[in-house]
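Chemist: Here the sequence shown stands for residues 9 to 329, where the numbers follow the numbering used here.
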Amino acid sequence: MPGRPAGQQRLFAESAGSAPPSQAGRTRPETLQSVAGLSLCVLGSGSGGNCTVLRVTGADGQHDALLLDAGFGMRRTARKLAEVGMGFGDLRAVCVTHFDHDHFKPAMCKTMADYGIRLFCHHWHVPDLAKMRGSQALFDAGLVEPFGDGLFVPMPGVTATTTRLQHDRQGTIGYRLSTRFGDVGLATDLGHAPPTLIDHFAGVDVLCIESNYDERMTINSSRPVWVNRRNLSDSGHLSNEQSFEAVCAIRDRSPHGNPRHVVLLHRSSQCNHPTKVRRVFERDPALARRTIQTQQRRRTRWVRVRPLRQVLRRQLCLVSA
Ligand SMILES: [Zn+2]
Numbered sequence: 009m010p011g012r013p014a015g016q017q018r019l020f021a022e023s024a025g026s027a028p029p030s031q032a033g034r035t036r037p038e039t040l041q042s043v044a045g046l047s048l049c050v051l052g053s054g055s056g057g058n059c060t061v062l063r064v065t066g067a068d069g070q071h072d073a074l075l076l077d078a079g080f081g082m083r084r085t086a087r088k089l090a091e092v093g094m095g096f097g098d099l100r101a102v103c104v105t106h107f108d109h110d111h112f113k114p115a116m117c118k119t120m121a122d123y124g125i126r127l128f129c130h131h132w133h134v135p136d137l138a139k140m141r142g143s144q145a146l147f148d149a150g151l152v153e154p155f156g157d158g159l160f161v162p163m164p165g166v167t168a169t170t171t172r173l174q175h176d177r178q179g180t181i182g183y184r185l186s187t188r189f190g191d192v193g194l195a196t197d198l199g200h201a202p203p204t205l206i207d208h209f210a211g212v213d214v215l216c217i218e219s220n221y222d223e224r225m226t227i228n229s230s231r232p233v234w235v236n237r238r239n240l241s242d243s244g245h246l247s248n249e250q251s252f253e254a255v256c257a258i259r260d261r262s263p264h265g266n267p268r269h270v271v272l273l274h275r276s277s278q279c280n281h282p283t284k285v286r287r288v289f290e291r292d293p294a295l296a297r298r299t300i301q302t303q304q305r306r307r308t309r310w311v312r313v314r315p316l317r318q319v320l321r322r323q324l325c326l327v328s329a
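Below is the structure:
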């Protein structure tokens, strides 16, 4: 990172959070060790596609995995999964935030039907899915699992609760996925962070939330006025400032040290820049150290939450070494 002061290099975890080019390439798959715990990897995030893998590994080394959104085509998703040593055969479910093209691609329907992968979406969004080319294959196979406001189990060992968020006409869904190792909260494409979202995500171990735009860059951009008006509205996206405020509010409602990881999603390529995001989040150095910025074309490293016993054992080893 030439040009950045050494102090800043240590402060923000962005570079540590992105897979180095050598690992992100097609030829060097990153395999997960079979260590019990919860692991999360954002395969890519932005208006060109969003997809996150959540994987739960038991003490016996057996694992189950699901996707949060599937906004890349079938081939790109397969390639990105292969980069982390996985394939469609490893997936149990896809949980969809909403059916905008960057969050779910119609081409995924046939692949999901072929592999028996279940699709979880809010019953509000079922008409959007039904209109989608190829979705009948999922309905015919009985793989569409609409949910309401209650709790559901997208795969063994994971319990999901959701909160509805404002975004365009149809809204979007914020997911809290709870496992015996820890909880993940994910919210993207939301015009604002309501108190219900802060309540819902209080105490999570991994917080994934969008930090979409810098307000000044948006206002000064060459985009049509109606696009800017929509993005800046309560039904658009979260700015860096709004995202930081939401993360701080969730942190303030959580036990000390949580969220252990903050993953910033869906950064606009036209109206934001990693430096702008970094400047906002470095107002709280402790938070900045736990923060990762996602990218459109490169996946993040695996973010892991392991059972407390394992972490303590590792710390004891380090102390006695
Ligand atoms: Zn989006």
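Note that beta-carbon positions come from the ideal geometry of N, C-alpha and C, so glycine has one too.
Among I206, R188, Q250, E249, which one has its Cα closest to the Cα of G182?
Modeler: In the sequence shown, the residue the question calls residue 182 occupies position 174. Considering only alpha carbons, the answer is I206.
Chemist: Which residues in the same chain as V43 place their Cβ atom closer than 8 Å to its Cβ, once the five residues preceding and following it in sequence are excluded?
Modeler: Your numbering for residue 43 matches position 35 in the sequence shown. Around V43: T65, R312, R314, Q318.
Chemist: Suppose only complete runs of 3+ residues qualify. What are the beta strand (DSSP E) ranges in the region 82-144, listed by chain order?
Modeler: 99-103, 126-130
Chemist: Does any heavy atom of ligand 1 sit closer than 7 Å to the C-beta of S243?
Modeler: Taking the sequence shown and counting its residues from 1, one reaches residue 243 at position 235. For S243, the shortest C-beta to heavy atom distance toward ligand 1 is 7 Å or greater.
Chemist: Just the residues with CB closer than 5 Å to a heavy atom of ligand 1, in chain order, which are they?
Modeler: D110, D197
Chemist: Should I227 and N239 be called a contact, given that it needs their Cβ atoms to be closer than 8 Å?
Modeler: Taking the first residue of the sequence shown as position 1, residue 227 is located at position 219. Taking the first residue of the sequence shown as position 1, residue 239 is located at position 231. Contact: no.
Chemist: Excluding sequence positions up to five away, which residues of its chain have a Cβ less than 6 Å from the Cβ of L46?
Modeler: Taking the sequence shown and counting its residues from 1, one reaches residue 46 at position 38. Once the five neighbours on either side are set aside, the close Cβ partners of L46 are V64, T187, F189, G190, V313.
Chemist: Helix, strand or coil: which one does DSSP assign to A3?
Modeler: Nothing in the structure corresponds to residue 3, since the chain is present only between 9 and 329.
Chemist: I need the DSSP call for P162, collapsed to helix, strand or coil.
Modeler: As a first step, residue 162 must be located in the sequence shown, where it is residue number 154. Note: P162 maps to strand in three-state DSSP.
Chemist: Which class does L151 belong to by DSSP, given the choice of helix, strand or coil?
Modeler: On the sequence shown, position 143 is the one that residue 151 refers to. When DSSP states are grouped into helix, strand and coil, L151 belongs to the coil group.
Chemist: Hey, H178 and H133 are a contact pair by Cβ (cut 8 Å); roughly how many whole angstroms apart?
Modeler: Within the sequence shown, numbered from 1, the residue matching residue 178 stands at position 170. Within the sequence shown, numbered from 1, the residue matching residue 133 stands at position 125. Note that residue 178 corresponds to Gln in the displayed sequence, not to His. The distance from the Cβ of Q178 to that of H133 is about 6 Å, consistent with a contact at the 8 Å cut-off.
Chemist: When DSSP labels each residue in this structure, what does T167 get in the three-state scheme?
Modeler: Here residue 167 refers to the residue found at position 159 when the sequence shown is read from its first residue. Residue state, collapsed to three classes: strand.
Chemist: So P162 and M140 are in contact, right, with Cβ under 8 Å, and what is the actual spacing, rounded?
Modeler: Mapped onto the sequence shown, residue 162 falls at position 154. Mapped onto the sequence shown, residue 140 falls at position 132. Wrong, their Cβ atoms sit about 20 Å apart, outside the cutoff.
Chemist: In chain order, what residues of the same chain lie with their CB nearer than 6 Å to the CB of D98, ignoring the 5 residues before and after it?
Modeler: As a working note, residue 98 is residue 90 in the sequence shown. Counting only Cβ-Cβ distances below 6 Å, and skipping sequence neighbours, we find A73.
Chemist: What's the C-alpha gap between S53 and H106?
Modeler: For the purposes of this step, residue 53 is identified with residue 45 of the sequence shown, where counting begins at 1. For the purposes of this step, residue 106 is identified with residue 98 of the sequence shown, where counting begins at 1. Near 14 Å, if we compare the C-alpha coordinates of H106 and S53.
Chemist: For P135, count the other beta carbons within 10 Å of its own beta carbon; 16 or more makes it buried, fewer makes it exposed. Which is it?
Modeler: In the sequence shown, residue 135 corresponds to position 127, counting from 1. Looking at its Cβ environment, which holds fewer than 16 other Cβ atoms inside 10 Å, P135 is exposed.
Chemist: What's the gap between the Cα of T196 and the Cα of A67?
Modeler: Taking the sequence shown and counting its residues from 1, one reaches residue 196 at position 188. Taking the sequence shown and counting its residues from 1, one reaches residue 67 at position 59. Roughly 32 Å separates the two Cα atoms.
Chemist: Counting Cβ pairs, one atom from each stretch, are 3 or more of them under 8 Å apart for the region 281-299 and the region 242-252?
Modeler: yes
Chemist: Quick check on S47: does DSSP put it in helix, strand or coil?
Modeler: The count along the sequence shown starts at 1 and reaches residue 47 at position 39. Three-state DSSP puts S47 in a strand.
Chemist: Since F128 contacts V104 with CB under 8 Å, what's their CB separation in whole angstroms?
Modeler: Walking along the sequence shown from the start, residue 128 turns up at place 120. Walking along the sequence shown from the start, residue 104 turns up at place 96. Rounded, the Cβ-Cβ distance is 7 Å, consistent with contact.
Chemist: In the DSSP output, what is C336 paired with across the bridge?
Modeler: Any property of residue 336 remains undetermined from this structure, which presents the chain solely from 9 to 329.
Chemist: Please report how far the alpha carbon of H274 lies from the alpha carbon of A138, in whole angstroms.
Modeler: By one-based count along the sequence shown, residue 274 stands at place 266. By one-based count along the sequence shown, residue 138 stands at place 130. Cα to Cα, the separation comes out at about 26 Å.
Chemist: In or out: G57 buried (at least 16 other Cβ within 10 Å) or exposed?
Modeler: Position 49 of the sequence shown, counting from 1, holds the residue named residue 57. By the 10 Å Cβ count, G57 comes out buried.
Chemist: State yes or no: is the C-beta of L159 within less than 8 Å of the C-beta of T167?
Modeler: The residue given as residue 159 occupies position 151 in the sequence shown. The residue given as residue 167 occupies position 159 in the sequence shown. Their beta carbons are under 8 Å apart, which means L159 touches T167 by this criterion.
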